[in-house]
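Engineer:
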Amino acid sequence: MKKWAQIITIFIIGSIGILIFSLLVVTKPVADTVEKEAILPVVKVWRAQASDYQVIIESQGVVNPMQLTDLASEVSGKVKFLSPKFEVGQRFQVNEVILEIDSSDYEAVQAKAVAELADAKLALSKENALSEQALRDWKVLGKGKEPNDLVLRKPQLESALARVVSARAGLEKAERDLERTKIRSPYESKIERTNVELGSLLTLGTVVGSIYSADLYEIRLPVSINEFDFVDVNKSSKVLFETEISGMPYSWNGNLLRSESKVDQSSQSIFLVAAIENSPSNKKFLVPGVYLKAKIFGKILEGTYSLPRSALYDRNKIFVVNEDETISIREIKIIRSSKDIVIVSDGIGNGDLVITTPVSNAIDGMKVEVYQESPQNN
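14 is the number of the first residue of the sequence shown in my numbering; add one for each residue after it.
(1) If you count every other CB in all the chains shown that lies within 10 Å of the CB of L320, and 16 or more means buried, which is it?
(2) If contacts are defined as beta-carbon pairs under 8 Å, then V333 and R343 qualify, I think. What distance do you get, rounded to the angstrom?
(3) At what residues does the beta strand (DSSP E) containing Q73 begin and finish?
(4) Please confirm whether S202 and F105 have their CB atoms less than 8 Å apart.
(5) Taking the alpha carbon of P301 as the point to measure from, which residue in N77, Q62, Q67 has its own alpha carbon closest?
(6) Which same chain residues end up closer than 7 Å to A63 when comparing Cβ atoms and leaving out the 5 residues on each side of it in sequence?
(7) First and last residue of the alpha helix (DSSP H) that includes V88?
(8) Less than 8 Å between the beta carbons of T207 and F99, yes or no?
(9) Since I289 and F241 should fall inside the 8 Å C-beta cutoff, what is the C-beta to C-beta distance between them, to a whole number of angstroms?
(10) How far does the alpha helix (DSSP H) with E188 in it reach, from first residue to last?
(11) Looking only at C-alpha atoms, which of L229, A133, N268, A307 sits nearest to V246?
(12) Which class does V303 belong to by DSSP, given the choice of helix, strand or coil?
(13) Locate the alpha helix (DSSP H) running through I345, then write down its first and last residues.
(14) Quick one: using the 10 Å Cβ neighbour count with 16 as the cut-off for buried, is Y384 buried or exposed?
(15) In the DSSP assignment, find the unbroken beta strand (DSSP E) run with N266 in it and report its ends.
(16) Can you name the residues that DSSP bridges to E255?
(17) For S116, collect the residues of the same chain with a Cβ closer than 7 Å to its Cβ; drop the 5 residues on either side in sequence, then sort them by chain order.
(18) Contact check, Y225 vs L81 under 8 Å by CB: the rounded distance?
(19) Does the distance from the C-beta atom of L234 to that of S72 stay below 8 Å?
(20) Identify whether S350 lies in helix, strand or coil by the three-state DSSP scheme.
(21) May I have the straight-line CA-CA distance separating L143 from E171, to the nearest angstrom?
(22) So if DSSP puts K469 in a beta bridge, which residue, or which two residues, is it bridged to?
(23) Mind checking E185: buried by the 16 CB within 10 Å criterion, or exposed?
(24) Using DSSP with H/G/I as helix, E/B as strand and the rest coil, what is V122?
(25) Could you compute how far the alpha carbon of K380 sits from the alpha carbon of V236?
(26) Between the alpha carbons of I331 and I345, how many angstroms are there, rounded?
(27) Using 8 Å as the threshold, is the C-beta distance between Y230 and L285 below it?
(28) So what does DSSP say about R328, is it helix, strand or coil?
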């Protein structure tokens, strides 16, 4: 009996447990079904606006004097005067005497030429008088005939006139030679090299030294063939020259003078030549041999778009956000590029929203969310 009582007790307890478990399963709460929204790529955009773009081409070069001249003796003789400033780096004004050659022999030649011209003029005066007298005599004795040249002493007159011309030319040469005993600075200059001393004996053509223009400088600026297309040499494009000395920035203005119109084979560059305006405040730093950076202000590209380089996709494509926030892939025409921007002429219009952030697996028609509009980079 006890055994059956235990079995019945176990059965009852088990039935109650099954009943409770069933009730728990039937009455458990059911979770609500929630549809997940698609996560859209968040992008930044740049609003396109056409403008005029000033091309600036960067280059560099070394300062050179615009004029460099060897001073040579045009007459021979001994140096009797040498300017105390005849030292490398010293400045001379226009026509200032640099050195003098002993002029005593040339003064004697000049005096002789003066006398010869006076004699020739006197002889010409006498011949004029004789010719006029011959004409008067012929009118009396010539019986109405025309006098010939010999009668009128024309050959003698022409000879006397030629002697005057020759004597005058001789005097002019003597005066030139006398003036050439003084070697002067032909322009405002600085001494680049000296070759003679006081007492040196000079012959015709002896180089006594070299000078260069004191405040007129130029620089050869290499630019690539592609960059050269944006330079307008005929309009004397402006150039800004810059350098840094002892941590301080210095700058000078200048302008293009010409191009050398040939390509350097080693670098495939074309050299432009620019003049520099020497500013009084920076005068002491602008000397031959100084290395300067240059910014050449080239052509103005009208009606173009300055696009951030970050907007480029596959070299010449961009993503544009449409009004319904889908994207379109555009192919653009790039006419110039730099480190940060590209200049676009076609494939984009005013007001277009150009994506400037990366978009993974982008395709035409894909929806995006615009997070921020970047300022225009014009």
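Idealized CB from N, CA, C, for every residue including glycine. Being a predicted model, the structure only gives us computed values, none of them experimental.
Structural biologist: If we stick to the structure as given:
(1) Result: buried.
(2) Indeed they touch by this definition, with Cβ atoms about 5 Å apart.
(3) The continuous beta strand (DSSP E) containing Q73 extends over residues 64 to 78.
(4) Yes, they are a contact pair.
(5) With respect to the C-alpha of P301, the residue from N77, Q62, Q67 having the closest C-alpha is N77.
(6) G316, T317, Y318, N363, listed in sequence order.
(7) Unbroken run through V88: none, as it is neither H nor E.
(8) Closer than 8 Å, so yes.
(9) Distance from I289 to F241 at the Cβ level is roughly 21 Å; contact not present, criterion being Cβ atoms closer than 8 Å.
(10) Element bounds for E188: 167 to 193.
(11) Of the listed residues, the one whose Cα sits closest to V246 is N268.
(12) It is coil, neither helix nor strand.
(13) For I345, there is no enclosing alpha helix (DSSP H), as DSSP gives it neither H nor E.
(14) Per the 10 Å Cβ criterion, exposed.
(15) Taken as a continuous stretch (DSSP letters only), the beta strand (DSSP E) holding N266 covers 261 to 277.
(16) Beta-bridge pairing links E255 to S264, K306.
(17) Closer than 7 Å at the Cβ level, and outside the excluded window around S116, lie L191, T194.
(18) The distance from the Cβ of Y225 to that of L81 is about 5 Å, consistent with a contact at the 8 Å cut-off.
(19) Contact flag set, yes.
(20) Three-state result, S350: strand.
(21) Between L143 and E171, the C-alpha separation is close to 13 Å.
(22) No answer is possible for residue 469: it lies beyond the span of the chain, which begins at 14 and ends at 391.
(23) Flag for E185 reads exposed.
(24) V122 carries a helical assignment under DSSP once its states are collapsed to helix, strand and coil.
(25) Rounded to whole angstroms, K380 and V236 show a C-alpha spacing of 44 Å.
(26) So the alpha carbons of these two residues sit roughly 7 Å apart.
(27) Not closer than 8 Å, so no.
(28) Reduced to three states, the DSSP call for R328 is coil.
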